[in-house]
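Here the sequence shown is numbered in numbering that gives the first Met the number 0, starting from 0 and rising by one per residue.
Input: a single structure, listed below in structure tokens.
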Amino acid sequence: MIPYSCQDLNEDDIRSVLRVLRSDFLTQGAEVPAFEKALAASCNAAEAVAVNSATSALHLACLLLGVGPGDRVWTSPISFVASANCALYCGADVDFVDVDPRSGNMSVEALADQLVQAHQKGTLPKVIIPVHYAGQPCDMRAIGKLAQRYGVRVIEDASHALGATLEGCPVGDCQFSDITVFSFHPVKMITTGEGGALVTNDSVLAERARALRTHGITRAPERVDDIDQEPWRYAQVELGFNYRMTDIQAALGQSQLGRLDDFVLTRRQLAGQYIDAFRDTPVQTLWQSPDSNSSWHLMVVQVSQGIRSEVFRLLRAANIGVNVHYMPIYLQPYYRQLGFNEGYCPAAEAFYRQVISIPLHVRLTPGDQRQVVEAVISSEASAAGSSN
Ligand SMILES: *Cc1c(COP(=O)(O)O)cnc(C)c1O
0 MIPYSCQDLN EDDIRSVLRV LRSDFLTQGA EVPAFEKALA ASCNAAEAVA VNSATSALHL
60 ACLLLGVGPG DRVWTSPISF VASANCALYC GADVDFVDVD PRSGNMSVEA LADQLVQAHQ
120 KGTLPKVIIP VHYAGQPCDM RAIGKLAQRY GVRVIEDASH ALGATLEGCP VGDCQFSDIT
180 VFSFHPVKMI TTGEGGALVT NDSVLAERAR ALRTHGITRA PERVDDIDQE PWRYAQVELG
240 FNYRMTDIQA ALGQSQLGRL DDFVLTRRQL AGQYIDAFRD TPVQTLWQSP DSNSSWHLMV
300 VQVSQGIRSE VFRLLRAANI GVNVHYMPIY LQPYYRQLGF NEGYCPAAEA FYRQVISIPL
360 HVRLTPGDQR QVVEAVISSE ASAAGSSN
């Protein structure tokens, strides 16, 4: 099976992990701060806070922006469930903004309409979470402008988009958002096994995130000294979690981050070859904005209407490890039970019905890629033929 995605670890990556295993600190040593510094620098953010997953980073990001019971958070239905679950962790309500059918990203027009209506009804969200689907940045300039007009905060779910650029600037610089979140799961752009991070330009938010990831504990002297001045003192100042990343993970992260530019370059070349191969075929690739460069986390193709399931079955039978990203989140049983139904975001549902993620990763060989292209084209033709 040619997988849709997989990690690429080289000997340097492995040596960096061994170095930590042989050192004094497996966690809470020097590696996490060093990884954070490198990550912040790579995306032009002032601060990075590494945690044990992007899911944890999204949860902390919502808490940092004050999301709580009675608040509303809006996200994209075409995402992993974590983009919405983070709001529910905080006791808030989730709603969804329909997508742009060309890209699968949150539609700026749909967002503008929904904000006008919510403003009239007094139901504006506290936070919106656009998701950079497949690695292509959302139109953050437009989303940021709308958010500012209505006094809404913004968290970018950039789990797919480490290494992507928007208007020539790296995703994560938070020019149009409060916080950006990355994932380091093995299928994502770089990996730490499990892991994630949030980046921000607000040092107060970053300090609070560092406390929240370790039980709400701080050793900041001004917080400790008002109790007593003993050298062993630490202060739990709010209710936090154990969301810490280990030094083992952070060492791998530093090594992988050093390879990010190569990863993006390889993915971009492979994606370009897919786009060329599917030109003038019924298989469509996603529209790419001229204002951005995708990180190409996913290679998503759209097949003809009504045949996606059959094409998917044929590809799996041909040992191509295809996947589907994503069924609209609100169609999950848990969300249906909260009251969401079919037809809620028509563009997202139509998008979902036609997409297949085909293999794209840095270990994909030219021979594998040719095999994938041929299988996709012949499966589409055969499924279209038998459906007529
Ligand atoms: C992978 C992913 C997450 C969650 O990442 P973890 O690190 O596995 O918690 C969140 N949002 C999106 C869009 C993702 O693809």
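C-beta: ideal position from N, C-alpha, C; glycine also.
In this text, all values refer to a predicted model and were calculated from it rather than measured experimentally.
{"Query": "Under 9 Å between C-beta atoms of phenylalanine 240 and serine 15", "Result": "no"}
{"Query": "Helix, strand or coil at aspartate 94 according to DSSP, with G and I counted as helix", "Result": "strand"}
{"Query": "Of the residues Gly215, Leu110, Gly171 and Gly162, the one placed nearest tyrosine 149, counting alpha carbons only", "Result": "Leu110"}
{"Query": "Rounded separation between proline 2 and asparagine 84 - CA only", "Result": "27 Å"}
{"Query": "6 Å CB neighbourhood of valine 107 in its chain, flanking five on each side removed", "Result": "Asp138 and Ala141"}
{"Query": "C-beta contact flag for proline 129 and threonine 74 at 9 Å", "Result": "yes"}
{"Query": "DSSP three-state assignment for alanine 56, whether helix, strand or coil", "Result": "helix"}
{"Query": "Proximal residues to glycine 143 (C-beta, below 8 Å), its chain only, five neighbours per side dropped", "Result": "Val153, Gln174, Phe175 and Ser176"}
{"Query": "Bridge partner(s) assigned by DSSP for cysteine 168", "Result": "Leu165"}
{"Query": "Beta-carbon separation (whole angstroms), glycine 252 vs phenylalanine 34, contact threshold 8 Å", "Result": "5 Å"}
{"Query": "DSSP bridge partner residues for alanine 49 (one or two, in chain order)", "Result": "Ala196"}
{"Query": "Bridge partner(s) assigned by DSSP for methionine 105", "Result": "Val98"}
{"Query": "Cβ contact check for the region 369-386 and the region 276-286: 3 or more pairs under 8 Å", "Result": "yes"}
{"Query": "N- and C-terminal bounds of the beta strand (DSSP E) containing arginine 71", "Result": "71-74"}
{"Query": "Same chain only: Cβ atoms within 8 Å of tyrosine 233, ignoring 5 sequence neighbours per side", "Result": "Ile216, Thr217, Arg218 and Val223"}
{"Query": "Given glutamate 373 as reference, the closest of Tyr273, Ile13 and Ile77 once Cα atoms are compared", "Result": "Tyr273"}
{"Query": "Buried or exposed by the 16-neighbour rule on C-beta atoms within 10 Å, applied to methionine 388", "Result": "This structure leaves residue 388 out entirely; the chain is present only between 0 and 387."}
{"Query": "Backbone secondary structure at glycine 215 - three-state DSSP", "Result": "coil"}
{"Query": "Collapsed DSSP secondary structure at aspartate 156 in the structure displayed", "Result": "strand"}
{"Query": "Pairwise C-alpha distance: arginine 352 and valine 371", "Result": "21 Å"}
{"Query": "Proximity test, phenylalanine 240 beta-carbon vs ligand 1 heavy atom, cut-off 8 Å", "Result": "no"}
{"Query": "Other residues of its chain near tryptophan 295: CB distance less than 8 Å, five sequence neighbours each side excluded", "Result": "Ala133, Gly134, Val263, Arg266, Arg267, Leu269, Ala270 and Leu359"}
{"Query": "Short Cβ contact (9 Å threshold) for serine 41 with leucine 197", "Result": "no"}
{"Query": "Close beta carbons around isoleucine 306, own chain, < 8 Å, minus the five adjacent residues each side", "Result": "Glu379, Ala382, Ala383 and Ser386"}
{"Query": "Exposure of tyrosine 325, with buried meaning 16 or more beta-carbon neighbours within 10 Å", "Result": "buried"}
{"Query": "Residues of its chain near proline 327, where Cβ-Cβ distance is below 7 Å and the 5 sequence neighbours each way are ignored", "Result": "Pro76, Ile77, Cys344, Ala347, Glu348 and Tyr351"}
{"Query": "Those residues which DSSP pairs with alanine 382 across a bridge", "Result": "Answer is none; alanine 382 lacks a bridge partner."}
{"Query": "Nearest candidate by alpha-carbon position, reference glycine 342, set Ala157, Gly121, Asp97 and Asp246", "Result": "Asp97"}
{"Query": "Isoleucine 247 beta carbon less than 9 Å from that of leucine 20", "Result": "yes"}
{"Query": "Nearest residue (CA-CA) to leucine 238, options Glu221, Ser303 and Arg212", "Result": "Arg212"}
{"Query": "Backbone secondary structure at glutamine 283 - three-state DSSP", "Result": "strand"}
{"Query": "With 16 other Cβ atoms within 10 Å as the buried cut-off, status of aspartate 94", "Result": "buried"}
{"Query": "Host alpha helix (DSSP H) of serine 41 (start-end)", "Result": "30-41"}
{"Query": "Boundaries of the alpha helix (DSSP H) in which isoleucine 13 is found, first to last residue", "Result": "10-20"}
{"Query": "Status (buried if at least 16 other CB within 10 Å, exposed otherwise) for proline 68", "Result": "exposed"}
{"Query": "Rounded straight-line distance, which links the Cα of serine 82 to that of tryptophan 231", "Result": "39 Å"}
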